[in-house]
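Notes follow the structure.
Residue numbers (UniProt numbering): 1 to 684.
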């Protein structure tokens, strides 16, 4: 079935309204949600924002470059990422609609578009992940490949360039290139005036354009490091699949079990669409003529599913037991759930089909082949497979509530039965009843589960508190310890620094400060165990504890606060990039705890104007120690006795004077010395 895609202005206004409405709805729905997919969100945040793009282990350079802009949002980078996600997801609206309009009228095309946007896949718009951006990229690619004129190589080149760009959002696009090449070969071979030369030309144009987009743009963004197909991360996984015959047999066994779970899931949640797609493919193949638009969509959908499910099965097998979260029962449906709307479009194309009574037997055979696994999936509720909102939101929403699960299952079975009886009846029942109700219910349950993350858990609170409590430089010196690795990574996400180190320990391990890395000055302990402070500054909060590891008190005057060290600072100006000026006759630093009876002060500072070479006085309790400073920064080590155990350290300035008084500029601050760092060191 081929239909004109010329649109009236009113339809364009409707599309614009739908896109804007979904953007606003998603932005509102996602607001206030705390992150909950780890370690993926931490990984993408790290690669896009915190390290050079050339160092990224995942070559989604277009995604990384665009989302690097969230750095402009400072601490609210996640909020900005959610807005980006909602925007890109909503931008898929016209492309979904235009693909649908190739095989149906306006009303069902709009309905399919709304269902695609409302589907549980939109749950990814709340995460710092590329799924929402990739959804847009994939549907731009679908629009570009279905508008191709078989005999025009430039059309295939445009489609190839589009695919290459999607591979720069997620490199997974490269995984289904074989399926697309088979599709191009079939469409070219069955076209009018087809020839081997035309087929090879189309394949070459597509591949060349895809490679140009992939590698040229990668090189422009990331330099020579961008000249890779899958990047170090995925290449490492791929290499693990070719390490001996025993390993290959194990991977095949586990992979087939994973594929079984995916096929059961497809039969359950898109049973009728899969039947209609396979039926359309069989008709196109046996007809031995150029397929119509709906058949082309069915052929490509079938090839994509076959290709990606095989890849996902192998991937799942390769990572089994690599962490507590990886098992063969985990269904990574997000590798292909963006294809689902294409199958709905194929079903909707049958709304106008002529009666096919003579083909009822073949439809019955297909219905049995898909219906039996569907019934089995309903009976077992997909056990032992474990759908989650992270990997398979569609299936998670389908199984979330027992009553709605059986209701949606009944709709799926009835759709299949109606299609066997008459094609149009099945299509109408599915498009106008079963699909909208299923989308509404699954999205409701997925959203309800997401809303549980409106309340921060212990790891959220620990990460947020530590980010606010410590300066950016001090956050590089944080070590996070606890029993839940996923939770530790979640807390690391908030600290927003590549130097933060999560260190999982056994829940019963009562650790101390011995053997910790020398470059770590703060320990964030998450869990019920509170380390012994032994005089160290420590903040104990419900569920977590922040302890200063270093016994020496180091004050960096480039910072405005020194948590756990200084409770009050007087006589200091706002910090600058080099340190801070004194702005009074005295600088008074009040420490959070009593200073030792004997200690050293290591001071890095310089004098201002008439104070150069004059005696400053460092005072603690009744002890007074004079010192002098030059015009340049110098480091001094001053010995102090503190029998009174005073907690305040005072620096007396010999002649505080403003630059304005000296005729230097209009600065009226009374300056005396500029301090870079000051540290308290216990003396043996």
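For each residue, glycine too, the CB sits at the ideal point set by N, CA and C.
TODO: May I ask you to report which of helix, strand or coil DSSP gives residue 743?
DONE: No information on residue 743 is available, as it lies outside the stretch 1 to 684 that the chain covers here.
TODO: Check whether the segment 9-29 touches the segment 185-198, taking contact to mean three or more Cβ pairs, one atom from each stretch, closer than 8 Å.
DONE: no
Task: residue 639 burial status per 10 Å Cβ neighbour count (16 or more: buried) - done: Within the chain shown, the letter at position 639 stands for residue 639. Burial call: exposed.
Open item on the list: Going by the DSSP bridge assignment, what does residue 577 pair with across the sheet?
Closed with: By one-based count along the chain shown, residue 577 stands at place 577. Paired residues: none, contrary to the question.
- [ ] With a 10 Å radius around its C-beta and 16 neighbouring C-beta atoms as the bar for buried, classify residue 547 as buried or exposed.
- [x] Position 547 of the chain shown, counted from the first residue, corresponds to residue 547. That one is buried.
Open item on the list: For a test of the three-state rule: what should DSSP assign to residue 343, helix, strand or coil?
Closed with: By one-based count along the chain shown, residue 343 stands at place 343. Of the three classes helix, strand and coil, the one that applies to residue 343 here is helix, per DSSP.
Task: Counted within 10 angstroms of its Cβ, other Cβ atoms place residue 583 as buried (16 or more) or exposed - done: For this step, residue 583 is matched to residue 583 along the chain shown. Classification of residue 583: buried, given that the 10 Å Cβ count is 16 or more.
Task: Terminal residues of the beta strand (DSSP E) in which residue 547 lies - done: Working through the chain shown from its first residue, we reach residue 547 at position 547. Counting along the chain, the beta strand (DSSP E) containing residue 547 begins and ends at 544-548.
Task: Chain-order list of residues whose beta-carbon lies under 7 Å from that of residue 435 (same chain, five-residue window excluded) - done: Translated into positions along the chain shown, residue 435 becomes position 435. The residues are 115 and 344.
TODO: Taking residue 587 as part of the beta strand (DSSP E), name the residues at either end of that continuous run.
DONE: Start at 1 with the first residue of the chain shown, and residue 587 comes out as number 587. It spans 586-591 - the beta strand (DSSP E) in which residue 587 sits, taken as one unbroken run.
Task: Cα-Cα separation, residue 220 to residue 208 - done: Residue numbering aside, residue 220 sits at position 220 when the chain shown is read from its first letter. Residue numbering aside, residue 208 sits at position 208 when the chain shown is read from its first letter. Roughly 18 Å separates the two Cα atoms.
TODO: Going by DSSP, name the residue or residues bridged to residue 598.
DONE: On the chain shown, residue 598 is found 598 positions in, with the first residue counted as 1. 641.
TODO: Determine, using beta carbons only, whether residue 176 and residue 307 come nearer to each other than 9 Å.
DONE: Position 176 of the chain shown, counted from the first residue, corresponds to residue 176. Position 307 of the chain shown, counted from the first residue, corresponds to residue 307. The answer is yes: Cβ separation under 9 Å.
Open item on the list: So for residue 627, helix, strand or coil by DSSP?
Closed with: What you label residue 627 is simply residue 627 of the chain shown in a count that begins at 1. Of the three classes helix, strand and coil, the one that applies to residue 627 here is strand, per DSSP.
Open item on the list: In whole angstroms, give me the CA-to-CA distance for residue 385 and residue 120.
Closed with: Position 385 of the chain shown, counting from 1, holds the residue named residue 385. Position 120 of the chain shown, counting from 1, holds the residue named residue 120. Roughly 19 Å separates the two Cα atoms.
Task: Same chain, Cβ closer than 7 Å to residue 662, neighbours up to 5 away in sequence not counted - done: The sequence position of residue 662 within the chain shown is 662, counting from 1. So the list reads 609, once near-sequence residues are dropped.
Task: Buried or exposed (CB count within 10 angstroms, at least 16 for buried), residue 392 - done: Here residue 392 is taken as the residue at index 392 of the chain shown, counted from 1. Counting Cβ neighbours within 10 Å, residue 392 comes out buried, since at least 16 surround it.
TODO: Rounded to whole angstroms, what's the CA-CA distance from residue 496 to residue 113? Just pull it up for me.
DONE: Taking the chain shown and counting its residues from 1, one reaches residue 496 at position 496. Taking the chain shown and counting its residues from 1, one reaches residue 113 at position 113. One C-alpha to the other measures close to 37 Å.
- [ ] Compute the minimum distance between the beta carbon of residue 55 and the heavy atoms of the ligand NAD, and state whether it is under 8 Å.
- [x] Of ligands this structure carries none, so the ligand NAD is not represented either.
TODO: With DSSP collapsed to three states, give me the class of residue 618.
DONE: Along the chain shown, one-based indexing puts residue 618 at 618. The answer is strand: DSSP assigns residue 618 an E or B state.
Open item on the list: What does the Cβ neighbour count give for residue 216, buried or exposed, with the cut at 16 atoms within 10 Å?
Closed with: As a first step, residue 216 is located in the chain shown; it is residue number 216 there, counting from the start. By the 10 Å Cβ count, residue 216 comes out exposed.
Task: Validate contact between the segment 22-38 and the segment 486-494 using beta carbons, cut 8 Å, 3 pairs - done: yes
TODO: Work out the CA separation of residue 51 and residue 634 for me, nearest whole Å.
DONE: Locating residue 634 in the chain shown gives position 634, counting from the first residue. Locating residue 51 in the chain shown gives position 51, counting from the first residue. In a straight line, the C-alpha of residue 634 is about 34 Å away from that of residue 51.
Task: Residues bridged to residue 635 [DSSP beta-bridge criterion] - done: Here residue 635 refers to the residue found at position 635 when the chain shown is read from its first residue. Answer is 604, bridged to residue 635.
Open item on the list: So, does the segment 151-164 touch the segment 482-490, judging by three or more C-beta pairs under 8 Å?
Closed with: no
Task: As assigned by DSSP and simplified to three states, the class of residue 501 - done: In the chain shown, the residue the question calls residue 501 occupies position 501. Three-state DSSP puts residue 501 in a strand.
Open item on the list: Measuring only the C-alpha atoms, how far is residue 61 from residue 133?
Closed with: Sequence index remark: in the chain shown, residue 61 carries index 61 (1-based). Sequence index remark: in the chain shown, residue 133 carries index 133 (1-based). Their Cα atoms are separated by approximately 12 Å.
TODO: Indicate whether residue 294 and residue 280 have their beta-carbon atoms separated by less than 9 Å.
DONE: Residue 294 sits at position 294 when you count from the first residue of the chain shown. Residue 280 sits at position 280 when you count from the first residue of the chain shown. Taking 9 Å as the Cβ cut-off, residue 294 and residue 280 qualify as a contacting pair.
Task: Same chain, Cβ closer than 7 Å to residue 342, five either side skipped, listed in chain order - done: Here residue 342 refers to the residue found at position 342 when the chain shown is read from its first residue. The answer, listed in chain order, is 142, 297 and 301.
TODO: Please go through the same chain and pick out, in chain order, the residues whose beta-carbon is closer than 8 Å to the beta-carbon of residue 157, but skip the five residues on each side of it.
DONE: What you label residue 157 is simply residue 157 of the chain shown in a count that begins at 1. Result list for residue 157: 205, 206, 208 and 209, in chain order.
TODO: Starting from residue 419, follow the alpha helix (DSSP H) in both directions and report where the run begins and ends.
DONE: Residue mapping note: residue 419 aligns to position 419 of the chain shown, counting from 1. Its alpha helix (DSSP H) spans residues 402-421.
- [ ] Specify, as a first and last residue, the run of the beta strand (DSSP E) that residue 567 falls within.
- [x] If you number the chain shown from 1, residue 567 lands on position 567. Unbroken beta strand (DSSP E) run through residue 567: 566-570.
TODO: Measure the Cβ-Cβ separation of residue 414 and residue 429 and say whether it is below 9 Å.
DONE: Here residue 414 refers to the residue found at position 414 of the chain shown. Here residue 429 refers to the residue found at position 429 of the chain shown. Closer than 9 Å, so yes.
Task: Cβ neighbour criterion (16 or more within 10 Å) applied to residue 286 - done: One-based indexing of the chain shown puts residue 286 at position 286. Residue 286 comes out exposed.
- [ ] Assuming residue 522 contacts residue 478 (C-beta within less than 8 Å), just tell me the rounded distance between them.
- [x] Residue 522 sits at position 522 when you count from the first residue of the chain shown. Residue 478 sits at position 478 when you count from the first residue of the chain shown. So it is a contact: roughly 5 Å between Cβ atoms.
TODO: Could you check what DSSP says for residue 295 in three-state terms: helix, strand or coil?
DONE: On the chain shown, residue 295 is found 295 positions in, with the first residue counted as 1. Residue state, collapsed to three classes: helix.
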